[in-house]
Every structure is written in C-alpha cells, then in structure tokens.
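*Asks:* Respectively, the protein sequence lines represent chains H and Z.
Following this note's numbering, the numbering of the first sequence begins with 7 at its first residue and continues without gaps.
Following this note's numbering, the numbering of the second sequence begins with 20 at its first residue and continues without gaps.
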Amino acid sequence: MRIATRTLCLLALILPLTACTPEKAEALLAAVKAFEAKSSEALDAYEAMFRDYGAVAATSQDELFQGAYAAARQGQAGSFDDAVGNVGARDGVGIQGGIAREFGDIRAAYAALGSAYDSLPQGSVLGARYVSCGRNAVARLTWQLVNFADDVNQQPLYPSALRQRFAEFKRSAAQGDQGLARRDFDAFAGGVAAYEARHAAAQRLTLAAVEQGRRLDAMLAHYDDVSLSNLLGAIQAGFAFAGTLKGVDASAAASRLQAMKTDMEGSAYWQRVGALPLADIAACAAPGKEQ
Amino acid sequence: MADDQDREFVRLAEAALDALFDQYAAAGPAERWQLKPAITKATEEMTQARLALFKEGVLTTPEDLDALRQLKRDIDHAADVQAGVLAAVKLAAMLGVFA
C-alpha cells in the first residue's frame, strides 16, 4: 500500500502543480480541514443569530386561550389556519426549517472543499490537480465569510423577541405602570447585552476562519515551492491565533474584518474571486470537472 | 452584495415590523389573537429577506423603498386591528419577493 502511495505520488510529481509528498499532502489536508472547522464554528454562530431573529416571542397557553376566547366572543376568531398560526409550533417547518436549509446549502460548499482534498495524502493524481482548483474555492469561501461578517455588522440581527420586548416596555410606560416598565426595560437591556456578546463572538470566529482562509490561499498559490515546515507552521499559526482570539475585543475583530474587506475589494485577484459562482466549488470536488 | 439601497430597504422593513410590534403590544387579547399570525408571517419573510441579503445580496429598486415607506405610514395610522392585519400581510408579501 505504501509502495502504491509512493508510486502514485511520484506519478503526481510529473504533472504540473504537484510537488507532492505524502507528508506535505497531509499537512495541506490538515490546513483545509482547519479552515473548514473554523468556518463551521462561525456559521454555527450566524445560524443561531438568524434563528433568534426569525422567532417571535412565545405566548403562554393561558394568554392564547384568553385571546382566542375574547376574539371568538366577538365572532372574530378567524380561520382554522389563523388559529394554527397562533398556537402551532412544529419544528422543522416555517422559518426555522428555512434557516436550517439555507445554512445547510452554505455548509455544503465547505464540506465539498474538504472532501476535494481527502484523497491527496494517498497520492491521488486527481487530488493533486485540485490544488489549483481548490485555491479558487478557498478564496471564494474566505471572501464569503468576510461579507457575512460585514452584513451582520452593518445591520445587526437583533432578535425579534427583543424588538417585541421594547414595544412592551413602551406600552407599560405609556400606561404609567412603572413597575412593569422597569421589568420590561431590564429584560430588554439584558437581551441587548446578550445579543452583543453573541455578535462579538461571531465576529471573532469569522476573523479566525478568514485568517486561516487567507493563509491557506497564500499556501495554495505557491504549493509547489512551499516546504513542509512552512505548511505546518501556517497550521500552527492558525491554532495559536484562534487561542488568542478571546483577547481580541469585538470592535477590534470587526475593524480588522472591515480593513480586510477594503483591502480585498481593492485587489484584482479578490475581485475576480468574488465574482466566481459558488457552484464551481461543487464542480471542483466532482472528479473530472476541475477547473 | 448588498448596496446602500438594500440596506435602506432592510432598515425600513425592520421599522415597519417594529411598528407592528408596537401595535401588538398595545392591543387587547382578542386583537392580539387576530394580529399574531400575520405578524409572525411578516417576521418570517423578513428573516428570509435578510438571509438572501446575507448569502448573495438582494437587489431592491427605488419603487420597493417607496412602497415600504407608504406601508410604514399605513401601519402608523392603522385605525383598527384589521388595518394592522392587512399591513402585516402586505409587508410579508413585499418581503416574500426577496426570499
């Protein structure tokens, strides 16, 4: 098996773009997987934020009954569908199912990238040829992460229940009920603080993934010339960077991402990458369809 | 990628949703029962629109912005719960285009 691997790797060496040793290929695969893992953490954070953005505050069974009863007394209970719209809470349908599907699509591109390199350490000639194809994919996904952070940073995803809580506060205050207004306000302020912590965490996780992506992109640009120790060093640096992230405050993470976005938008390379269709990543992972 | 017009669209749509939440908070039990399904639907469509913006960017037109501004005025001046329900349904329909 080992001989077969070396033979294949030797064969791969003959081809352009394939300065391949199994160790180097393993290191590259590890770097790709690290990028995939960090991106996944950032995507988890965004998905959770979207879930809260899309969820209206829960209504208690008693409140629902009071509403239904009062409406029915006035002959205004509405249709069966309206009633289900009030009391129904099935998982996996409606907006929560929609969010899960959208993020499933987003994650599929990162998974396709990871799988494109799986066969590289076994000396796969095919895998070696994906080095160039995969670089486009890494760059496109890195670009996407920068834009995810920018989108949420420009217009934060405050949970809908928090917006409702503020509306409740205004109502309590208008009625002159200071005790209730105080409780609503405290809950609102606590919710804002909790959101801000999650927003900051998402920015830091994105920064870690983007740093890894840019490092990987640079490595892939010079894969033939990069030494094994350089590859390993870059992976190490990625882990060390993630370890220091807790110390990076949210505005620092956000401003570093913003600076990267400005930098990337001014670069012909990144502009070309930004225009690439995401579908190309799946094509890259499919044998015989690499670019 | 989202441009300034898309950002303005999100800002206006969120303001319209906030106005509906205000109306809901001020409503009695029977009105809340009538408003909630439409407001939930509008919130869901808002979320789909934000997801579309997050993923690829959506392209809004100046007419979209004008329609949203008008809708916000309608919600602010909604005379009764039926007007509120109608406004929430309209908001959901407007946002549904981008989902």
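The beta carbon of each residue, even a glycine, is placed where N, CA and C say it ideally should be.
The structure displayed is predicted, hence computed values, not measured ones.
Nearest chain Z C-beta to Leu88 of chain H closer than 7 Å, yes or no?
*Replies:* Against the first sequence, residue 88 of chain H aligns to sequence position 82. Checking the displayed sequence, the identity of residue 88 of chain H turns out to be Asp instead of Leu. Yes - at least one Cβ of chain Z is within 7 Å of the one on Asp88 of chain H.
*Asks:* Span of the alpha helix (DSSP H) holding Ala61 of chain Z?
*Replies:* Along the second sequence, read from residue 1 onward, the residue named residue 61 of chain Z stands at position 42. Start and end: Pro48 to Lys74.
*Asks:* Under three-state DSSP, which class holds Asp25 of chain Z?
*Replies:* By 1-based counting over the second sequence, the position of residue 25 of chain Z is 6. Of the three classes helix, strand and coil, the one that applies to Asp25 of chain Z here is helix, per DSSP.
*Asks:* Just checking: is the beta-carbon of Val62 of chain H within a distance shorter than 7 Å of some beta-carbon in chain Z?
*Replies:* Start at 1 with the first residue of the first sequence, and residue 62 of chain H comes out as number 56. Answer yes: the Cβ-Cβ gap between Val62 of chain H and chain Z drops below 7 Å somewhere.
*Asks:* Can the beta-carbon of Gln53 of chain Z be found closer than 7 Å to that of Gln82 of chain H?
*Replies:* For this step, residue 53 of chain Z is matched to residue 34 along the second sequence. For this step, residue 82 of chain H is matched to residue 76 along the first sequence. Yes, the pair counts as a contact, with Cβ atoms nearer than the cut-off.
*Asks:* For Lys104 of chain Z, which residues of its own chain have a beta-carbon under 7 Å away from its beta-carbon, when the five flanking residues on both sides are left out?
*Replies:* Here residue 104 of chain Z refers to the residue found at position 85 when the second sequence is read from its first residue. Just to set this straight, residue 104 of chain Z is Val in the shown sequence, not Lys. Once the five neighbours on either side are set aside, the close Cβ partners of Val104 of chain Z are Gln53, Leu54 and Ala57.
*Asks:* Are the C-beta atoms of Phe12 of chain Z and some chain H residue less than 7 Å apart?
*Replies:* For residue 12 of chain Z there is no data in the structure shown, the boundaries of chain Z being 20 and 118.
*Asks:* Tell me which same chain residues have a C-beta within less than 7 Å of the C-beta of Gly98 of chain H, skipping the five on either side of it?
*Replies:* Here the question's residue 98 of chain H lines up with position 92 in the first sequence. Here Gly98 of chain H scores only 48 on pLDDT, less than 50, and its place in the model is too uncertain to base an answer on.
*Asks:* List the endpoints of the continuous alpha helix (DSSP H) containing His205 of chain H.
*Replies:* To locate residue 205 of chain H, count along the first sequence from 1; it is residue 199. That run of the alpha helix (DSSP H) goes Gln184 to Ala227.
*Asks:* Mind checking which residues open and close the alpha helix (DSSP H) that includes Asp68 of chain H?
*Replies:* For the purposes of this step, residue 68 of chain H is taken as residue 62 along the first sequence, with counting starting at 1. From DSSP, the alpha helix (DSSP H) with Asp68 of chain H extends over Gln67 to Arg79.
*Asks:* Give the DSSP-derived three-state secondary structure of Val62 of chain H in the structure shown.
*Replies:* Counting from one through the first sequence, the residue named residue 62 of chain H turns up at place 56. Note: Val62 of chain H maps to coil in three-state DSSP.
*Asks:* Step through the CB atoms of chain H and report whether any lies within less than 7 Å of the CB of Gln53 of chain Z.
*Replies:* Within the second sequence, numbered from 1, the residue matching residue 53 of chain Z stands at position 34. By this cut-off, Gln53 of chain Z is an interface position.
*Asks:* Please work out which residues of its chain come closer than 8 Å, Cβ to Cβ, to Leu72 of chain Z, disregarding the five sequence neighbours upstream and downstream, and give them in chain order.
*Replies:* Residue numbering aside, residue 72 of chain Z sits at position 53 when the second sequence is read from its first letter. So the qualifying residues of the chain are Ala21, Asp25, Val29 and Phe117.
*Asks:* Counting only beta-carbon separations shorter than 7 Å, does Gly98 of chain H have a partner in chain Z?
*Replies:* Within the first sequence, the letter at position 92 stands for residue 98 of chain H. Its pLDDT being 48, under 50, Gly98 of chain H is placed unreliably in this model, and the value from its coordinates should be taken loosely. No, Gly98 of chain H does not count as interfacial toward chain Z.
*Asks:* Just confirm the distance between the C-beta atoms of Leu110 of chain Z and Leu36 of chain Z, as a whole number of angstroms; I'd bet it's less than 8 Å.
*Replies:* Walking along the second sequence from the start, residue 110 of chain Z turns up at place 91. Walking along the second sequence from the start, residue 36 of chain Z turns up at place 17. Their Cβ separation, rounded to whole angstroms, is 7 Å, which keeps Leu110 of chain Z and Leu36 of chain Z in contact under 8 Å.
*Asks:* At 7 Å on the CB atoms, spell out the chain Z contacts of Ala77 of chain H, in chain order.
*Replies:* Locating residue 77 of chain H in the first sequence gives position 71, counting from the first residue. Simply Ala49, Trp52 and Gln53.
*Asks:* With burial defined as no fewer than 16 other Cβ atoms inside 10 Å of the residue's Cβ, what is the status of Asp41 of chain Z: buried or exposed?
*Replies:* Position 22 of the second sequence holds residue 41 of chain Z. Classification for Asp41 of chain Z: buried.
*Asks:* By the criterion of Cβ-Cβ separation under 7 Å, what are the contact partners of Phe154 of chain H in chain Z?
*Replies:* The residue you call residue 154 of chain H lines up with position 148 of the first sequence. Residues of chain Z passing the Cβ test: Phe73.
*Asks:* With a cut-off of 7 Å, does the C-beta of Asp23 of chain Z fall near any C-beta of chain H?
*Replies:* Working through the second sequence from its first residue, we reach residue 23 of chain Z at position 4. So no, Asp23 of chain Z is outside the interface.
*Asks:* For Glu271 of chain H and Leu114 of chain Z, what's the separation of their Cα atoms in angstroms?
*Replies:* As a first step, residue 271 of chain H must be located in the first sequence, where it is residue number 265. As a first step, residue 114 of chain Z must be located in the second sequence, where it is residue number 95. Roughly 29 Å between the two C-alpha positions.
*Asks:* Between which two residues does the alpha helix (DSSP H) holding Val279 of chain H run?
*Replies:* Taking the first sequence and counting its residues from 1, the one referred to as residue 279 of chain H is at position 273. Unbroken alpha helix (DSSP H) run through Val279 of chain H: Ala274 to Gly280.
*Asks:* Going along chain H in order, which residues have a C-beta closer than 8 Å to the C-beta of Asp41 of chain Z?
*Replies:* Working through the second sequence from its first residue, we reach residue 41 of chain Z at position 22. Within chain H, the residues near Asp41 of chain Z are Ala173, Lys176 and Arg177.
*Asks:* Please go through the same chain and pick out, in chain order, the residues whose beta-carbon is closer than 7 Å to the beta-carbon of Tyr116 of chain H, but skip the five residues on each side of it.
*Replies:* Along the first sequence, read from residue 1 onward, the residue named residue 116 of chain H stands at position 110. Closer than 7 Å at the Cβ level, and outside the excluded window around Tyr116 of chain H, lie Glu42, Ser45, Ser46 and Leu147.
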